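Reading through the structure tokens given below for one structure.
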Amino acid sequence: MEIGLLLIAGGIATGLFGSLLGLGGGVLLVPLLTLGFDLPVREAVGVSLVCVIITSAASATVFLDRGAANLRLGMVLELFTAIGALIGG
């Protein structure tokens, strides 16, 4: 139970500081998971990517609802970003 509470607190702190400082969550989350919870780096990066996908989708929804995002441009950029990610791997 204690580890669960630490993960919740770490997640909230990561989200708070990441958004206040304009950092990606992975910058803070990967060290937290590797140093604080002895997770292997590769696994910590995977967990971080899942978290980033979820928070990015939620943020994108808000921006789209407010008319503050160019959906067409975002789709084009996402296509090539995904290609680059697959190549870089």
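Counting in numbering that gives the first Met the number 0, the sequence shown runs from 0 upward without gaps. Just so it is clear, CB atoms sit at the ideal spot from N, CA and C, and this is done for glycine as well. None of the values given here were measured: they were computed from a predicted structure.
Delimiting residues of the alpha helix (DSSP H) encompassing G3: Taking the sequence shown and counting its residues from 1, the one referred to as residue 3 is at position 4. From DSSP, the alpha helix (DSSP H) with G3 extends over 1 to 20.
Stretch-stretch touch, CB-based, cutoff 8 Å, three pairs: the stretch 47 to 60 with the stretch 22 to 29: yes
Integer Cβ distance of A59 from A68, believed to fall under 8 Å: Residue 59 sits at position 60 when you count from the first residue of the sequence shown. Residue 68 sits at position 69 when you count from the first residue of the sequence shown. The pair is a contact, with the Cβ atoms about 7 Å apart (cut-off 8 Å).
Residue from F16, D64, T80, F36 whose Cα sits closest to the Cα of E1: Taking the first residue of the sequence shown as position 1, residue 1 is located at position 2. Closest option to E1, Cα to Cα, is F36.
Distance between beta carbons of V46 and L32, contact taken as under 8 Å: For the purposes of this step, residue 32 is taken as the residue at position 33 of the sequence shown. For the purposes of this step, residue 46 is taken as the residue at position 47 of the sequence shown. Indeed they touch by this definition, with Cβ atoms about 6 Å apart.
Through-space distance from G10 to L4, alpha-carbon basis: One-based indexing of the sequence shown puts residue 4 at position 5. One-based indexing of the sequence shown puts residue 10 at position 11. Using only the alpha carbons, I get a separation of about 10 Å.
Nearest-angstrom Cα separation, counted from L15 out to A8: Within the sequence shown, numbered from 1, the residue matching residue 8 stands at position 9. Within the sequence shown, numbered from 1, the residue matching residue 15 stands at position 16. If you draw a straight line from the Cα of A8 to the Cα of L15, it comes to about 10 Å.
Cβ-Cβ distance between V61 and A43 below 8 Å: Counting from 1 along the sequence shown, the entry for residue 61 is found at position 62. Counting from 1 along the sequence shown, the entry for residue 43 is found at position 44. No; because the gap between Cβ atoms is not below 8 Å, this pair is not in contact.
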